[in-house]
Amino acid sequence: MAFEDLKQTVWEANLKIVEAGLVLLTWGNASAVDREAGAVAIKPSGVDYEKLRAADIVVLSLETGEKIDGDFRPSSDTPTHLELYRAFPNIGAIVHTHSTYATSWAQAGRDIPCMGTTHADHFHGAIPLVRQLTPDEIAEHYERNTGHVIVNCFRERKIDPDAVPGAILHGHAPFAWGKTAEKAVENAIVLEEVAKMNYFALTLNPHAENLPQSVLDKHFLRKHGPGAYYGQK
Ligand SMILES: [Zn+2]
11 MAFEDLKQTV WEANLKIVEA GLVLLTWGNA SAVDREAGAV AIKPSGVDYE
61 KLRAADIVVL SLETGEKIDG DFRPSSDTPT HLELYRAFPN IGAIVHTHST
111 YATSWAQAGR DIPCMGTTHA DHFHGAIPLV RQLTPDEIAE HYERNTGHVI
161 VNCFRERKID PDAVPGAILH GHAPFAWGKT AEKAVENAIV LEEVAKMNYF
211 ALTLNPHAEN LPQSVLDKHF LRKHGPGAYY GQK
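Read in the working numbering, the sequence shown has 103 at position 93, and its numbers run on one by one without any break.
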């Protein structure tokens with residue numbers, strides 16, 4: 011059968027976000043792209059995680075969005091994932107959840123500021139709040155337009171999606187991504203955790219300050235980019 015590895019990867023990523031406590035009911039989906047094959051694999055729409063099998067993962071064309079492989083309908087959020095893959099050329103996987111703390115920041119309508127090194131190790135700056143869609147954007151091609159507003163937010167604010175691998179949609183929830191499915195899942199977990207830490211930090215001290223830029227740069231750059239030295243060679 012075609013796309014075995016891609017489907018297996020996406021199946022595992024979907025189970026991991028449930029295990030990590032980021033997903034209740036069916037509020038979430040993970041996908042991955044094989045850029046050489048021009049194929050995106052994603053969770054089927056509305057299928058319970060306990061019943062989900064690797065064989066149920068749906069494969070679509072990155073270019074046209076048409077189904078290539080699979081028996082089910084793809085996640086309703088598929089057009090959002092496709093837009094992100096098309097606009098952000100280095101990302102290999104995407105995770106969308108309604109994890110509680112990140113979603114609370116999205117509902118509060120605030121960027122998730124970088125308040126500590128946990129955040130700085132994974133995101134080089136605030137995780138941006140993406141604006142609400144207009145009534146026109148909602149009426150037609152809602153999911154595709156959701157992808158557009160995320161992409162436009164990164165362009166307008168000159169944020170590098172490789173350095174800030176996630177965003178929160180106003181009134182909705184987080185999207186996180188990464189070079190690999192493992193990285194996208196990890197970034198989704200970190201995004202939720204820093205949203206939670208910030209919540210507690212600001213509860214304990216409403217005037218708590220953001221991490222100084224010098225510490226933010228140090229922590230991000232020692233793990234990412236040409237000067238990285240963290241971990242094993
Ligand atoms: Zn959602």
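Quick reminder that beta carbons are idealized off the backbone N, C-alpha and C, glycines included.
Quick caveat, the model's predicted, so the values are computed rather than measured.
Delimiting residues of the alpha helix (DSSP H) encompassing residue i
i: K206; result: A191 to L214
i: W37; result: Segment: none, W37 is in no alpha helix (DSSP H) and carries neither H nor E.
i: H91; result: T88 to A97
i: L70; result: Unbroken run through L70 is the beta strand (DSSP E), V68 to S71; no alpha helix (DSSP H).
i: A149; result: P145 to A149
i: V159; result: Y152 to E166
i: D79; result: Run containing D79: none in the alpha helix (DSSP H); it sits in the beta strand (DSSP E), K77 to D79.
i: V174; result: Per DSSP, V174 belongs to no alpha helix (DSSP H) and is neither H nor E.
i: A23; result: E14 to E29
i: T113; result: T110 to A118
Ligand 1 heavy atom lying under 8 Å from the CB of residue i
i: H151; result: no
i: D87; result: yes
i: W37; result: yes
i: H106; result: yes
i: A183; result: yes
Residue from the options whose Cα sits closest to the Cα of residue i
i: V43; options: A149, V161 and W21; result: W21
i: S109; options: E192, K26, P184 and K189; result: P184
i: G38; options: A47, S86, P175 and N208; result: S86
i: T36; options: A30, S55 and A23; result: S55
i: A30; options: I199, E153 and S114; result: I199
i: E73; options: T88, D66, I67 and F82; result: T88
i: T19; options: P236, Q242 and G102; result: G102
i: A194; options: S71, A177 and Q223; result: A177
Cβ pair residue i, residue j closer than 9 Å
i: E46; j: A112; result: no
i: I104; j: W187; result: yes
i: V33; j: H91; result: no
i: H134; j: H217; result: no
i: P171; j: N100; result: yes
Limits of the unbroken beta strand (DSSP E) element including residue i
i: F185; result: P184 to G188
i: D131; result: Counting along the chain, D131 falls outside any beta strand (DSSP E), and DSSP gives it neither H nor E.
Task: Three-pair Cβ contact test at 8 Å for the stretch 49 to 68 versus the stretch 135 to 145 - done: no
- [ ] Please confirm if the stretch 91 to 103 is in contact with the stretch 116 to 129, defined as three or more CB-CB distances below 8 Å between the two stretches.
- [x] no
- [ ] Mind the definition here: the stretch 224 to 235 touches the stretch 125 to 132 only if three or more C-beta pairs lie below 8 Å; say whether that holds.
- [x] yes
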